[in-house]
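Novice: Residue numbers (this note's numbering): 7 to 123. Virtual Cβ for every residue (Gly too), placed ideally from N, Cα, C. Quantities reported herein were computed from a predicted structural model and do not represent experimental measurements.
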């Protein structure tokens with residue numbers, strides 16, 4: 007793993023070289039990283055990277071879960087509004103139906119009274 011880090015370091019430095027063939031003196035990789043490059047440190051760095059990757063995945067998963075929750079809540083609120091609207095319409099229809107029934111009943115009574123006279 008230490009060779010891999012050194013290769014990465016050399017690649018980065020090769021991209022930074024000046025066009026005017028100025029000699030670039032590179033500090034050792036362990037001085038740049040601030041820690042000696044050993045296989046244990048390389049594994050530790052790899053473990054940190056894996057934890058960071060898991061953390062990012064978890065954050066993304068939480069964002070998606072929150073989005074789904076918001077959509078469910080919006081759908082539920084829409085259903086509540088629809089139930090209220092339909093309940094009001096149902097009540098209005100019941101009132102109209104009752105009123106029509108009463109009128110029809112009165113008309114029948116009137117007709118029977120008229121036919122009796």
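1) Quick one: Cα of residue 100 to Cα of residue 67, how far?
2) Apart from the five residues just before and just after residue 14, which ones in its own chain have a Cβ nearer than 7 Å to its Cβ?
3) Can you give the Cα-Cα distance for residue 64 and residue 56, rounded to whole angstroms?
4) Using the Cα positions of residue 71 and residue 53, report the straight-line distance between them to the nearest angstrom.
Specialist: With the given structure in hand:
1) 49 Å
2) none
3) 12 Å
4) 26 Å
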